[in-house]
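Okay, so here's the structure we're looking at.
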Amino acid sequence: MTSEEVTARRRAERRQFKLDRARAIAAAAEEAEQLFEKEGTVIVPALSGPAIPSAATWKPSQPVLPEVPTTPAEPEQEEDWEERPIENVEHMQLTLQEAWFLLWNLDCLTVLHPDTLHPMSLNDIWLAFQKAHLPLEIDAPQPLRFDNPFLINYAVYHHFRSLGWVVKGGIKFCVDYLLYKRGPVFTHAEYVLKLSLWFIDADFR
Numbered sequence: 001m002t003s004e005e006v007t008a009r010r011r012a013e014r015r016q017f018k019l020d021r022a023r024a025i026a027a028a029a030e031e032a033e034q035l036f037e038k039e040g041t042v043i044v045p046a047l048s049g050p051a052i053p054s055a056a057t058w059k060p061s062q063p064v065l066p067e068v069p070t071t072p073a074e075p076e077q078e079e080d081w082e083e084r085p086i087e088n089v090e091h092m093q094l095t096l097q098e099a100w101f102l103l104w105n106l107d108c109l110t111v112l113h114p115d116t117l118h119p120m121s122l123n124d125i126w127l128a129f130q131k132a133h134l135p136l137e138i139d140a141p142q143p144l145r146f147d148n149p150f151l152i153n154y155a156v157y158h159h160f161r162s163l164g165w166v167v168k169g170g171i172k173f174c175v176d177y178l179l180y181k182r183g184p185v186f187t188h189a190e191y192v193l194k195l196s197l198w199f200i201d202a203d204f205r
């Protein structure tokens, strides 16, 4: 085989590997959905494991035929075949609003001071969260306002959380919040929220 044929074959194998991996991940998500509907058990679909193909163990089930290019292909830098597994920990990342909900309503979270590593009191956390939007170089005490970003965001978060929605931050979708029926593991968001302040009295601005 010529070097061009070897490269074309490897590309076809990589394409088939990605398709097989995507099918396996989709099947794992479907299995988790069915288990939740039957038993109410929440399982985060794994992105690695015996059922999910990896670059080190995957082998094509049938010969993979490379596509025949209609025009001469330009030299392409060989892709790295070694796949490094990336652990998805997005479901463990908390916004300030989620953290305060767990602290104040459920009392099931401990926040450590970044310098002393000692648990912070509820009052210290309350004040720190309201100052989180301020630049670090500002040392002078700043008055707390009723339109503080943390207070506004938490009011919205608590409202929809109390209605039974799973509320997640939507910064990567250019919105403030995403509303899920059961969470991002199972379905796409039903609604998105974009917060906008509206003052009745101009003196409050």
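Numbering-wise, the sequence shown is residues 1 to 205 according to the UniProt record's numbering. In this text, a Cβ means the ideal position worked out from N, Cα and C, and glycines have one as well.
Counting only the same chain and skipping the five closest in sequence on each side, list residues whose C-beta sits under 7 angstroms from that of residue i.
| i | result |
| --- | --- |
| residue 161 | 101 and 167 |
Thinking just about the alpha-carbon of each residue, which of the options is nearest to the one in residue i?
| i | options | result |
| --- | --- | --- |
| residue 89 | 155, 185 and 189 | 185 |
| residue 190 | 196, 153, 181 and 197 | 181 |
| residue 32 | 187, 194 and 197 | 187 |
| residue 175 | 195, 157, 11 and 124 | 195 |
| residue 29 | 193, 199 and 183 | 183 |
| residue 158 | 24, 104, 117 and 20 | 104 |
| residue 109 | 92, 115 and 163 | 92 |
Who pairs with residue i in a beta bridge, going by DSSP?
| i | result |
| --- | --- |
| residue 192 | 178 |
| residue 168 | 178 |
| residue 112 | 119 |
To which residues of the same chain is residue i closer than 6 angstroms at the C-beta, ignoring the five residues directly before and after it?
| i | result |
| --- | --- |
| residue 120 | 111 and 113 |
| residue 130 | 144, 148 and 150 |
| residue 153 | 97 |
| residue 133 | 149 |
So residue i and residue j are in contact, right, with Cβ under 8 angstroms, and what is the actual spacing, rounded?
| i | j | result |
| --- | --- | --- |
| residue 95 | residue 170 | 10 angstroms between Cβ atoms; not a contact. |
| residue 178 | residue 192 | 6 angstroms |
Can you list, in chain order, the residues of its chain with a C-beta nearer than 8 angstroms to that of residue i? Leave out the 5 residues immediately preceding and following it.
| i | result |
| --- | --- |
| residue 40 | none |
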